[in-house]
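Novice:
2 protein chains.
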Amino acid sequence: MKKLSFAEENYLKAVYHLSNAGETDVSTNSIAEEMDTKAASVSDMLRRLSEKEMVVYKKYQGVKISEIGKTAALQVIRKHRLWEVFLVEKLKFNWDQVHEIAEQLEHIKSPLLIQRLDDFLGHPKFDPHGDPIPDENGLFKEKPQVPLAEVEILGDGIVVAVKDTNSMFLQHLDRIGIYLGAKTKVTEKVEFDGSMEILVDGKNKLFISKEVAENVLVTH
Amino acid sequence: MKKLSFAEENYLKAVYHLSNAGETDVSTNSIAEEMDTKAASVSDMLRRLSEKEMVVYKKYQGVKISEIGKTAALQVIRKHRLWEVFLVEKLKFNWDQVHEIAEQLEHIKSPLLIQRLDDFLGHPKFDPHGDPIPDENGLFKEKPQVPLAEVEILGDGIVVAVKDTNSMFLQHLDRIGIYLGAKTKVTEKVEFDGSMEILVDGKNKLFISKEVAENVLVTH
DNA sequence: AATAATTTTTAGATTAATCTAATTTTATTT
DNA sequence: AAATAAAATTAGATTAATCTAAAAATTATT
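Protein chains in written order, with the numbering used here: chain A, 222 to 441; chain B, 222 to 441.
#1: Going by DSSP, what residue range makes up the beta strand (DSSP E) through residue 405(A)?
#2: According to a CB-to-CB cut-off of less than 9 Å, which residues of the segment 316-345 of chain B neighbour chain A?
#3: Against chain A, with Cβ distances strictly below 8 Å, would residue 312(B) count as a contact?
#4: Name the residue from 256(A), 330(A) and 429(A) whose alpha carbon lies nearest to the alpha carbon of residue 399(A).
#5: Just the C-alpha distance for residue 249(B) and residue 243(B), rounded to the nearest angstrom, thanks.
#6: Give every residue of the same chain whose Cβ lies closer than 7 Å to the Cβ of residue 339(B), excluding the five residues on either side of it in the sequence, and list them in chain order.
#7: I need the straight-line Cα distance from residue 281(B) to residue 228(B), nearest angstrom please.
#8: CA-CA distance, residue 348(B) and residue 401(B)?
#9: Suppose contacts are defined by Cβ-Cβ distances below 8 Å. Is residue 363(A) in contact with residue 355(A) by that definition?
#10: Assign residue 301(A) to buried or exposed, taking buried as 16 or more other Cβ atoms, counted over all protein chains shown, within 10 Å of its Cβ.
#11: Identify, in the order they occur along the chain, each residue of the same chain with its Cβ nearer than 7 Å to the Cβ of residue 293(B), setting aside the five sequence neighbours on each side.
#12: Could you name the residues of the same chain whose beta carbon sits closer than 6 Å to that of residue 235(B), not counting the 5 residues immediately before and after it, in chain order?
#13: Drop a sphere of 10 angstroms on the beta-carbon of residue 388(B), count the other beta-carbons inside from all chains shown, and report buried for 16 or more, exposed for fewer.
#14: Rounded to a whole number of angstroms, what is the C-alpha to C-alpha distance between residue 407(A) and residue 416(A)?
#15: Taking the beta carbon of residue 350(B) as the centre, do at least 16 other beta carbons fall within 10 Å, making it buried, or is it exposed?
#16: Classify residue 405(A): buried if its beta carbon has 16 or more other beta carbons within 10 angstroms, exposed otherwise.
#17: If you check the beta carbons only, do residue 367(A) and residue 438(A) fall under 8 Å apart?
#18: Since residue 420(B) sits in a beta bridge, which residues does DSSP pair it with?
#19: Looking at the structure shown, is residue 329(B) part of a helix, part of a strand, or coil, going by DSSP?
#20: For residue 242(A), which of helix, strand or coil comes out of DSSP?
#21: Pull up the distance between the alpha-carbon of residue 440(B) and that of residue 287(B), whole angstroms please.
#22: What residues in its chain sit with their C-beta under 6 Å from that of residue 434(B), if we drop five residues either side in the sequence?
#23: Could you pull the start and end residues of the beta strand (DSSP E) that residue 303(B) belongs to?
#24: Do residue 312(B) and residue 341(A) have their C-beta atoms within less than 8 Å of each other?
#25: Residue ranges of each beta strand (DSSP E) run of no fewer than 3 residues wholly in the segment 366-403 of chain A, ordered along the chain?
#26: Is the Cβ-Cβ distance between residue 457(A) and residue 240(A) less than 8 Å?
#27: Please list the terminal residues of the continuous alpha helix (DSSP H) segment that includes residue 249(A).
#28: For residue 426(A), which of 397(A), 261(A) and 412(A) has the nearest alpha-carbon?
#29: May I ask you to report which of helix, strand or coil DSSP gives residue 233(A)?
#30: With 16 as the cutoff for other CB atoms within 10 Å, does residue 374(B) come out buried or exposed?
#31: Might you give, ordered along the chain, the residues of its own chain that have their beta carbon closer than 6 Å to the beta carbon of residue 270(A), omitting 5 neighbours on each side?
#32: Output the boundary residues of the alpha helix (DSSP H) element that contains residue 267(B).
#33: Following the continuous beta strand (DSSP E) through residue 438(B), name the residue where it begins and the one where it ends.
#34: Along the chain, where does the beta strand (DSSP E) that runs through residue 278(B) open and close?
#35: Relative to the C-alpha of residue 386(B), which residue among 316(B), 259(B) and 272(B) is closest?
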């Protein structure tokens, strides 16, 4: 199994994510959109990834990620998330600043480096956005997580992840006082627009929009 | 000043080093040898670096690094050496294992990351091989350093750097008990083959070859 | 100073990754 | 089911980085 280029790793990651961890097939256009590139470039890359047996590709039928492709993608994801933990825990970055830097660091090739980094960080199981970190074999456990929007009235929860990780959204959460680990109770739900009132840590009353409620994930 | 590619950064670094920090002109062949590539590739790259005003290039006359080229090279060197400190101090790597990994990490682009890493490491002034770390402005101080081979008999010193940083050499030093910071006294010099006897830390008597004596640098 | 040797550059190919425009295949809608 | 729309692929270019082989410039040596 030869080394993958940065571009190949990025495409594989996109296929992995868009396919729900390899469950469903993925269309060329959806990859192009995700990666902000053109469909023609995607077709080309899929042909190459297919030659390397990283994906199973039938023309005009979309792709599925292969087993070795899944393993490769999970290792990149593992690296990305470990570096994010490093940036937040050790270098004092805010959780909304780490994604771009981790996008670069995830391509560094050195199994020993990642093993040592993992040791140094104390084998974290989740990244700063609550996403699980695969182990060396690609195994990980998801916390059962539900969008706040789907929690019934008076339901309790703990914020474990966010669905959308773009910077603006994360900054908004910081501003209103929602963070990973915060305890939530849904005190009112407005049918009409999907907004709701919640109590954070038993003391801060917040009104949140449908958009926020759908992108904040809690255990229940 | 546009962003440089990995390849461009590597060439710039080579020019910087081969020119003694920009003092002398550098030939195409010497760059090709240093970078393990062909002279034709070097000519090509020098043309491109020249267009970006990173070097001053006159055909058939070799190159000189420009001021902005020097600044760019020093930033890459700064990153390389800070990452080496991180790998040794925090991730418990041995000094002979860090070069290759730092060759990758030095190309990560994020000024904030490097600032934070520098803070995290406590603003180190020297890397694990004793080489000075330039600051954000490219400024650094060399320790006055002399090869052991040039120390007069009975002369004292402290090991501050090594000239050759290849893995085999560093492992040899580990094996015989020479490390950065070790105190040395030259107890005997053999004219005939350049070998010498030294006392390390006042207690370990060592015979070292000319090759070792020329590549271990001490302050005196 | 002419010739030989060395160094450097250019010319022409190749590979990876990308693009636009054209074509082909599949899906949708009268 | 034929026509239209949408999606995906191919064809042909482009750019960066590399190579080999040939040509040109510089340096060294009779």
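Using N, Cα and C, we set each Cβ at its ideal position, and we do this for glycine too.
Specialist: In terms of the structure at hand:
#1: Sequence index remark: in the first sequence, residue 405(A) carries index 184 (1-based). Counting along the chain, the beta strand (DSSP E) containing residue 405(A) begins and ends at 404-410.
#2: 318, 321, 322, 325, 326, 328, 329, 330, 331, 333, 334, 337, 338, 340 and 341
#3: The residue you call residue 312(B) lines up with position 91 of the second sequence. Yes, residue 312(B) counts as interfacial toward chain A.
#4: Working through the first sequence from its first residue, we reach residue 399(A) at position 178. The option with the nearest alpha carbon to residue 399(A) is 429(A).
#5: By one-based count along the second sequence, residue 249(B) stands at place 28. By one-based count along the second sequence, residue 243(B) stands at place 22. Cα-Cα distance, rounded: 15 Å.
#6: Here residue 339(B) refers to the residue found at position 118 of the second sequence. Around residue 339(B): 303.
#7: Position 60 of the second sequence, counted from the start, is the residue given in the question as residue 281(B). Position 7 of the second sequence, counted from the start, is the residue given in the question as residue 228(B). So the two alpha carbons sit approximately 22 Å from each other.
#8: Translated into the one-based positions of the second sequence, residue 348(B) becomes position 127. Translated into the one-based positions of the second sequence, residue 401(B) becomes position 180. Their backbone Cα atoms lie some 10 Å apart in a straight line.
#9: Taking the first sequence and counting its residues from 1, one reaches residue 363(A) at position 142. Taking the first sequence and counting its residues from 1, one reaches residue 355(A) at position 134. Going by C-beta atoms, residue 363(A) is not nearer than 8 Å to residue 355(A).
#10: Locating residue 301(A) in the first sequence gives position 80, where the first residue counts as 1. Residue 301(A) should be labelled buried.
#11: For this step, residue 293(B) is matched to residue 72 along the second sequence. So the qualifying residues of the chain are 225, 233 and 275.
#12: Counting from one through the second sequence, the residue named residue 235(B) turns up at place 14. Within the same chain, residue 235(B) has close Cβ partners 252, 255 and 256.
#13: Here the question's residue 388(B) lines up with position 167 in the second sequence. Exposed is the call here.
#14: Walking along the first sequence from the start, residue 407(A) turns up at place 186. Walking along the first sequence from the start, residue 416(A) turns up at place 195. Going by the C-alpha atoms only, they are around 11 Å apart.
#15: For the purposes of this step, residue 350(B) is taken as residue 129 along the second sequence, with counting starting at 1. Classification for residue 350(B): buried.
#16: As a working mapping, residue 405(A) is identified with position 184 in the first sequence. So residue 405(A) ends up on the buried side.
#17: By 1-based counting over the first sequence, the position of residue 367(A) is 146. By 1-based counting over the first sequence, the position of residue 438(A) is 217. Yes. Within cutoff.
#18: In the second sequence, residue 420(B) corresponds to position 199, counting from 1. The partner list for residue 420(B) (beta bridge, DSSP) reads 406(B) and 426(B).
#19: The residue you call residue 329(B) lines up with position 108 of the second sequence. Looking at residue 329(B) - three-state DSSP - the assignment turns out to be coil, as it is neither helix nor strand.
#20: Locating residue 242(A) in the first sequence gives position 21, counting from the first residue. Coil.
#21: Here the question's residue 440(B) lines up with position 219 in the second sequence. Here the question's residue 287(B) lines up with position 66 in the second sequence. Roughly 31 Å between the two C-alpha positions.
#22: Here residue 434(B) corresponds to residue number 213 of the second sequence, with the count starting at 1. The residues are 369, 370 and 417.
#23: Stepping through the second sequence from its first residue, residue 303(B) is reached at position 82. Counting along the chain, residue 303(B) falls outside any beta strand (DSSP E), though it belongs to the alpha helix (DSSP H) covering 288-310.
#24: Locating residue 312(B) in the second sequence gives position 91, where the first residue counts as 1. Locating residue 341(A) in the first sequence gives position 120, where the first residue counts as 1. Against a cut-off of 8 Å, the Cβ pair of residue 341(A) and residue 312(B) comes out as a contact.
#25: 377-383
#26: In the structure as shown, chain A begins at 222 and stops at 441. Residue 457(A) is therefore absent and cannot be evaluated.
#27: As a position in the first sequence, residue 249(A) is number 28, starting the count at 1. Run containing residue 249(A): 249-256, per the alpha helix (DSSP H) assignment.
#28: For the purposes of this step, residue 426(A) is taken as the residue at position 205 of the first sequence. Of the candidates 397(A), 261(A) and 412(A), the one whose C-alpha sits nearest the C-alpha of residue 426(A) is 397(A).
#29: As a position in the first sequence, residue 233(A) is number 12, starting the count at 1. Helix.
#30: Within the second sequence, the letter at position 153 stands for residue 374(B). The residue in question, residue 374(B), is exposed, as its Cβ has fewer than 16 Cβ neighbours within 10 Å.
#31: Counted from its first residue, the first sequence places residue 270(A) at position 49. Cβ within range, chain order: 276.
#32: Along the second sequence, read from residue 1 onward, the residue named residue 267(B) stands at position 46. Element bounds for residue 267(B): 260-272.
#33: The residue given as residue 438(B) occupies position 217 in the second sequence. Here the beta strand (DSSP E) through residue 438(B) covers 437-440.
#34: On the second sequence, position 57 is the one that residue 278(B) refers to. Element bounds for residue 278(B): 276-278.
#35: The residue given as residue 386(B) occupies position 165 in the second sequence. Among 316(B), 259(B) and 272(B), the Cα nearest to that of residue 386(B) is on 316(B).
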